[in-house]
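Novice: One line per chain: the protein sequences are A and B, in this order. Numbering of the first sequence is given in this note's numbering, commencing with residue 709 and proceeding in unit increments. Numbering of the second sequence is given in this note's numbering, commencing with residue 2 and proceeding in unit increments. The structure that follows is given in the form of C-alpha cells.
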Amino acid sequence: DTEVTQTPKHLVMGMTNKKSLKCEQHMGHRAMYWYKQKAKKPPELMFVYSYEKLSINESVPSRFSPECPNSSLLNLHLHALQPEDSALYLCASSQDRSAWGYTFGSGTRLTVV
Amino acid sequence: QKEVEQDPGPLSVPEGAIVSLNCTYSNSAFQYFMWYRQYSRKGPELLMYTYSSGNKEDGRFTAQVDKSSKYISLFIRDSQPSDSATYLCAIHNNAGNMLTFGGGTRLMVKP
Numbered sequence: 709d710t711e712v713t714q715t716p717k718h719l720v721m722g723m724t725n726k727k728s729l730k731c732e733q734h735m736g737h738r739a740m741y742w743y744k745q746k747a748k749k750p751p752e753l754m755f756v757y758s759y760e761k762l763s764i765n766e767s768v769p770s771r772f773s774p775e776c777p778n779s780s781l782l783n784l785h786l787h788a789l790q791p792e793d794s795a796l797y798l799c800a801s802s803q804d805r806s807a808w809g810y811t812f813g814s815g816t817r818l819t820v821v
Numbered sequence: 002q003k004e005v006e007q008d009p010g011p012l013s014v015p016e017g018a019i020v021s022l023n024c025t026y027s028n029s030a031f032q033y034f035m036w037y038r039q040y041s042r043k044g045p046e047l048l049m050y051t052y053s054s055g056n057k058e059d060g061r062f063t064a065q066v067d068k069s070s071k072y073i074s075l076f077i078r079d080s081q082p083s084d085s086a087t088y089l090c091a092i093h094n095n096a097g098n099m100l101t102f103g104g105g106t107r108l109m110v111k112p
C-alpha cells in the first residue's frame, strides 16, 4: 500500500460546527503532515507529527486541532472556522522527518459557510 | 525574497512541444530537489527528484539542477494533453527538515 487516504473528500460546514478530517497511511511512515492549500497557491505547512508527537505548529489558529492517535492515523479537528478557512486540506507522510520524499493524499476540499 | 521562486504561468503549448519549467532558490543549504505534479482538485504527486547538480532523466521527463546558479528545471519532451497540470518545484533543507514549495506553474497542453 503506497497511498495516503483522506476522508471525507468534500466537506461543507457552518461556522458553529465541529468536524474532523481524517488521514491514514500504511507505509510505515513515521512523519505525517497537514498542509492547507488555497486556489492557485502552493501548499502551506500547518502541522508536523514525528513519531506521533507534534513537532511543528506553524502558528495555526486554535480552531484547528491536530491529533495523531497512532503511527498510521492523523486527524484534524475543526471548530468555529471562518469562511477564509475554506481550502484544500492535504495530508502527507514521509519515512521520517529527515526524509525528503513526501506522499500526499488527494485532500479534503473544505467549504465554510 | 521568497526562498523558492517559480513563474506561475499559465504556460500554454501545443501537443508534442518541449516544455521547460524553472525555479530559482536562495538558500545554498538546500540539498534535495523535487518536482511534484498536481492535477486539479488532487494532491501533489512526486514526479522526479534529484540531489546533485546535473541531469536526471525518466522517460519524457528530465530534471536538471545547477547548484552554482541555484536554478532547477524540469523538461517535458513530446508533451501530451494529459501533462496539463500544475507543476510545483519543492526543495528539502536537511538542516531544518523542511520542504519548501515554489508557487507552482500551471501548464496547459493543447491537442
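Quick reminder that beta carbons are idealized off the backbone N, C-alpha and C, glycines included.
1) Quick check: what's the CA-CA separation for residue 771/A versus residue 810/A?
2) Assign residue 792/A to buried or exposed, taking buried as 16 or more other Cβ atoms, counted over all protein chains shown, within 10 Å of its Cβ.
3) Interface residues of chain B around residue 750/A at Cβ under 7 Å?
4) Show which residues of chain B have a CB atom less than 8 Å away from the CB atom of residue 771/A.
5) Please list, in chain order, the chain A residues whose beta carbon lies closer than 7 Å to that of residue 44/B.
6) Using the Cα positions of residue 20/B and residue 27/B, report the straight-line distance between them to the nearest angstrom.
7) Roughly how many whole angstroms lie between the Cα atoms of residue 785/A and residue 759/A?
8) Within the 9 Å Cβ cut-off, does residue 47/B reach chain A?
9) Below 6 Å CB to CB, which residues in the same chain sit around residue 76/B once its five sequence neighbours on both sides are set aside?
10) Between which two residues does the beta strand (DSSP E) carrying residue 740/A extend?
11) Find the nearest neighbour of residue 767/A within the set 719/A, 761/A, 752/A, judged by alpha-carbon distance.
12) Under three-state DSSP, which class holds residue 59/B?
13) Suppose the cutoff is 6 Å on Cβ atoms and the five residues either side in sequence are ignored; what does the same chain contact list for residue 804/A look like?
14) Which term fits residue 13/B, buried or exposed, when burial requires 16 or more other beta carbons within 10 angstroms of its beta carbon?
15) Run down chain B in chain order and give the residues with a C-beta less than 9 Å from the C-beta of residue 722/A.
16) Beta-carbon within less than 7 Å of residue 823/A's beta-carbon, same chain only, minus the 5 sequence neighbours each way: which residues are those?
17) Determine the burial state of residue 3/B: buried for a count of at least 16 other Cβ atoms within 10 Å of its Cβ, exposed for fewer.
18) Among the residues of its own chain, which have a CB less than 6 Å from the CB of residue 801/A, if the five just before and after it don't count?
Specialist: If we stick to the structure as given:
1) For the purposes of this step, residue 771/A is identified with residue 63 of the first sequence, where counting begins at 1. For the purposes of this step, residue 810/A is identified with residue 102 of the first sequence, where counting begins at 1. If you take the alpha carbons of residue 771/A and residue 810/A, they lie about 26 Å apart.
2) Here residue 792/A corresponds to residue number 84 of the first sequence, with the count starting at 1. So residue 792/A ends up on the exposed side.
3) One-based indexing of the first sequence puts residue 750/A at position 42. Under the 7 Å cutoff, chain B gives 89, 102, 103, 104, 105.
4) Here residue 771/A refers to the residue found at position 63 of the first sequence. What residue 771/A touches in chain B: nothing, since even the nearest Cβ is about 23 Å away.
5) The residue given as residue 44/B occupies position 43 in the second sequence. Those within 7 Å of residue 44/B in chain A are 798, 812, 813, 814, 815.
6) As a position in the second sequence, residue 20/B is number 19, starting the count at 1. As a position in the second sequence, residue 27/B is number 26, starting the count at 1. Roughly 24 Å between the two C-alpha positions.
7) Mapped onto the first sequence, residue 785/A falls at position 77. Mapped onto the first sequence, residue 759/A falls at position 51. Each residue's Cα considered, the two are about 19 Å apart.
8) Counting from 1 along the second sequence, the entry for residue 47/B is found at position 46. Yes, contact with chain A.
9) Within the second sequence, residue 76/B is the residue found at index 75, counting from 1. The residues are 21, 63.
10) Here residue 740/A corresponds to residue number 32 of the first sequence, with the count starting at 1. Segment 739–745, the beta strand (DSSP E) holding residue 740/A.
11) Looking up residue 767/A in the first sequence gives position 59. Out of 719/A, 761/A, 752/A, 752/A has the C-alpha closest to the C-alpha of residue 767/A.
12) Start at 1 with the first residue of the second sequence, and residue 59/B comes out as number 58. Note: residue 59/B maps to strand in three-state DSSP.
13) Sequence index remark: in the first sequence, residue 804/A carries index 96 (1-based). Around residue 804/A: 738, 739.
14) Indexing the second sequence from 1 puts residue 13/B at position 12. With fewer than 16 Cβ atoms within 10 Å of its Cβ, residue 13/B is classed as exposed.
15) By 1-based counting over the first sequence, the position of residue 722/A is 14. Those within 9 Å of residue 722/A in chain B number zero; the least Cβ separation is about 23 Å.
16) Residue coverage of chain A in this structure runs from 709 to 821, which leaves residue 823/A outside it and unanswerable.
17) Working through the second sequence from its first residue, we reach residue 3/B at position 2. So residue 3/B ends up on the exposed side.
18) Here residue 801/A refers to the residue found at position 93 of the first sequence. Answer for residue 801/A: 712, 733, 737, 740, 811, listed in chain order.
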